[in-house]
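Asker: So the protein lines, in turn, are chains B and W.
Going letter by letter, the first sequence gives residues 1 to 103 in full-length UniProt numbering.
Going letter by letter, the second sequence gives residues 1 to 71 in full-length UniProt numbering.
Each residue gets a CB set at the ideal place from its N, CA and C atoms; glycine is no exception.
The structure that follows is given in the form of structure tokens.
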Amino acid sequence: MAQAVQKLVAKVPTLVGAAVTYSKPRLATFWHYARVELVPPSPAEIPKAIEGATNLVKAFQKGRLGQTTVKEAFRNGLVATEVLMWFYIGECIGKGGIIGYNV
Amino acid sequence: MAPPVAVSPLIKTARWSALLLGIFYGKQRFEYLKPIAEEERRIEEAEKKAREEQERIYKQLSEANSDTILK
């Protein structure tokens, strides 16, 4: 039993090294995309966002809702679902746990 | 590798504001639920004590009343 534990402890540095070598390129790819796509909006982009939102509202009012294709509607639905998921992730962070409130 | 996509500013603002709103909402709800849960726990403790007291008395009475030759 003690020998097995010793062998395991001796293998830990190699395991850690293997994990690092495995994850390094994948982390690099993730970082490569996240640095452009996942960053928060810079202060210059916020007016553009507000403008985009008003455009959306105006297009709805002009009746373009009937002209959206199913493909467009599906894509917009996916984007809206993704934004909703960010809200739930924020809620998990705020309540300090993944499942349920630890009161 | 495909080049990274330029995400529209509306979507970016929507995502991050949803994240902040979610954090805020989670915190507020947690603070709202905490005293309610403590109150419930307190009441449960008191009721449990009363119930165990009852059970103890019942057991004692039943033991005193049972006349079996197996004792």
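1) Go ahead and label P9(W) buried or exposed: buried means 16 or more other beta carbons lie within 10 angstroms of its beta carbon, across all protein chains shown.
2) Work out the CA separation of N55(B) and Q61(B) for me, nearest whole Å.
3) Residues of chain B with CB closer than 8 Å to the CB of I11(W), please, in chain order.
4) Is the beta carbon of A18(W) closer than 8 Å to that of F30(B)?
5) Nearest-angstrom Cα distance between Q36(B) and L8(B)?
6) What's the C-alpha gap between P25(B) and K95(B)?
7) Please confirm if the stretch 35 to 53 of chain W is in contact with the stretch 61 to 73 of chain B, defined as three or more CB-CB distances below 8 Å between the two stretches.
Answerer: Quick answer:
1) Indexing the second sequence from 1 puts residue 9(W) at position 9. In this structure P9(W) is buried. Its beta-carbon is surrounded by 16 or more other beta-carbon atoms within 10 angstroms.
2) As a working mapping, residue 61(B) is identified with position 61 in the first sequence. As a working mapping, residue 55(B) is identified with position 55 in the first sequence. Distance between the alpha carbons of Q61(B) and N55(B): 10 Å.
3) Translated into positions along the second sequence, residue 11(W) becomes position 11. Using a Cβ-Cβ cut-off of 8 Å, I11(W) is close to V79, V83 of chain B, given in chain order.
4) Here residue 30(B) is taken as the residue at index 30 of the first sequence, counted from 1. Here residue 18(W) is taken as the residue at index 18 of the second sequence, counted from 1. Cβ distance not < 8 Å, so F30(B) and A18(W) don't count as in contact.
5) Position 36 of the first sequence holds residue 36(B). Position 8 of the first sequence holds residue 8(B). Here residue 36(B) is Val; the residue named in the question, Gln, does not match the sequence. Those two C-alpha atoms are separated by around 41 Å.
6) For the purposes of this step, residue 25(B) is identified with residue 25 of the first sequence, where counting begins at 1. For the purposes of this step, residue 95(B) is identified with residue 95 of the first sequence, where counting begins at 1. The C-alpha of K95(B) is placed about 33 Å away from the C-alpha of P25(B).
7) No, the stretch 35 to 53 of chain W does not touch the stretch 61 to 73 of chain B.
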